[in-house]
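Below is one structure; the comments refer to it alone.
Numbering (the numbering used here), first residue to last: 926 to 1289.
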């Protein structure tokens, strides 16, 4: 019983990144015609979302002080946007894979509610309470604010044609969320690059949170692409935005592609040169998500701007996503078995959670 209680007490919101990763790889598989894999991951994601959301709710009820401390912690507050992203990506699976827009609409409404609450609380706390230096609190995980915001835009753009007379209004909201998410990314990535260049960081801090640098751009590309594809299906003057939207969507995809070799180099530096051993941590799901999202967004971008040859990238990139997902999933299972079978069922300590790994400052 104490193990279960400790699990709930120390449960990390970042586990919603598993839902994000599983969901987007399922969607990418569906776009590539791997239907059995798409449906298998879809059903698995329903179960994962139900379990993770239940644990999050139980933590809020049983250990509100712990949850509030995380939300008040500048290192962790914006990571709560993974809840928004996980909710909307599962909704996108219902809309795109299961063809159940009514259920997807429920997830979209819930996602909007979560986005509103988390946006007001997380950013509000940062604006009012954060008095720490930028190099202490800032990390790539902050960009989950962009991911969560863009997930609302993606699902809204997918559902807009299903709203009938209200489709134009839904499309307007989706454009607005896409632009808000784009602004958040440009604001934060400027600070993140400044932090990476001018402040020394420990090797084990750089991966995996900084893979969100690319993942946030990938979902921004996906949102822009879905807007371009579905805008002609909705009445209104939104077709005037298509040239602007296509140009900026290609810009974000290009920027995301630029990040990939640098992130690989950082990984080699960490694991190859510095010999940092791999130990499972829920943060590693933040590495899987960008691989799946880049696969999906590249397919949709090729359709939006009618340049089919770039979709060939996804035909190979999907296997990297499968390999990463499989490796992290198996590592998670082994980690859970190890914890539950350990002699004496040791208590999980706060310092063993993700909090110390989010920045990893090395004093000069």
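C-beta: ideal position from N, C-alpha, C; glycine also. Source: prediction; values computed, not measured.
Return the chain-ordered list of same chain residues with a C-beta closer than 6 Å to the C-beta of residue i, the five sequence neighbours on each side being excluded.
i	result
residue 954	962, 963
residue 1268	At residue 1268 the pLDDT is 49, less than 50, meaning the model places this residue with poor confidence and gives no usable figure here.
residue 1016	1029, 1032, 1033, 1080
residue 1199	1128
residue 1227	1233, 1235, 1236
residue 948	970, 1014, 1015, 1018
residue 1133	1208, 1209, 1211, 1212
residue 936	980, 984
Contact check, residue i vs residue j under 8 Å by CB: the rounded distance?
i	j	result
residue 1250	residue 1213	5 Å
residue 1151	residue 1079	6 Å
residue 1159	residue 1085	5 Å
residue 1211	residue 1153	Residue 1211 to residue 1153, Cβ: 27 Å. No contact.
residue 1170	residue 1149	5 Å
residue 1232	residue 957	In fact, because the Cβ distance is near 17 Å, the residues do not count as touching under 8 Å.
residue 1014	residue 944	7 Å
residue 996	residue 988	With 8 Å as the limit, residue 996 and residue 988 do not qualify as a contact, their Cβ atoms being about 12 Å apart.
residue 1096	residue 1161	7 Å
residue 1071	residue 1110	4 Å
residue 941	residue 951	Actually they are not in contact, since the Cβ atoms of residue 941 and residue 951 sit about 15 Å apart, beyond 8 Å.
residue 1083	residue 1020	5 Å
residue 1201	residue 1195	5 Å
Can residue i and residue j be called in contact, C-beta distance under 9 Å?
i	j	result
residue 1265	residue 928	yes
residue 939	residue 1066	yes
residue 1036	residue 1099	no
residue 1107	residue 1051	no
residue 1064	residue 1135	yes
residue 1223	residue 1146	yes
residue 1182	residue 1166	no
residue 1256	residue 1203	yes
residue 1068	residue 1118	no
residue 991	residue 934	yes
residue 1217	residue 1248	no
residue 1026	residue 1125	no
Would you give the residue range spanned by the alpha helix (DSSP H) that residue i belongs to?
i	result
residue 1115	1092–1123
residue 1068	Per DSSP, residue 1068 belongs to no alpha helix (DSSP H) and is neither H nor E.
residue 1367	With the chain covering only 926 through 1289, there is no way to say anything about residue 1367.
residue 1161	Residue 1161 -> no alpha helix (DSSP H), and no H or E assigned at all.
residue 966	960–987
residue 956	941–956
residue 1035	1026–1043
residue 1018	1006–1021
residue 1088	Here residue 1088 belongs to no alpha helix (DSSP H), and DSSP marks it neither H nor E.
residue 1052	1049–1054
residue 1215	1210–1229
Determine the DSSP secondary structure at residue i, reduced to helix, strand or coil.
i	result
residue 1126	strand
residue 936	coil
residue 1203	coil
residue 1000	coil
residue 1268	Here the model assigns residue 1268 a pLDDT of 49, short of 50, so the residue's position is not dependable and the matter cannot be decided.
residue 1190	helix
residue 931	helix
residue 995	helix
residue 1063	coil
residue 1057	coil
residue 1134	helix
residue 1185	helix
residue 1198	helix
residue 1243	helix
residue 1232	coil
Please list, in chain order, all residues of the same chain as residue i whose beta carbon is under 8 Å from its beta carbon, the five residues on each side excluded.
i	result
residue 1184	1138, 1139, 1142
residue 960	954
residue 1047	996, 1002, 1003, 1005, 1006, 1070
Output needed for residue i: all residues of its chain with C-beta closer than 7 Å, excluding positions within five of it in sequence on either side, in chain order.
i	result
residue 1059	1116, 1120
residue 1039	1008, 1009, 1012
residue 1057	999
residue 1276	Model confidence at residue 1276 stands at a pLDDT of 41, short of 50, so the residue's coordinates are unreliable and nothing is read from them.
residue 1238	1223
residue 1253	1209, 1210, 1213
For a cutoff of 9 Å on Cβ pairs, would you count residue i as touching chain C?
i	result
residue 1061	Of the chains in the structure shown, none is chain C; there is only one protein chain.
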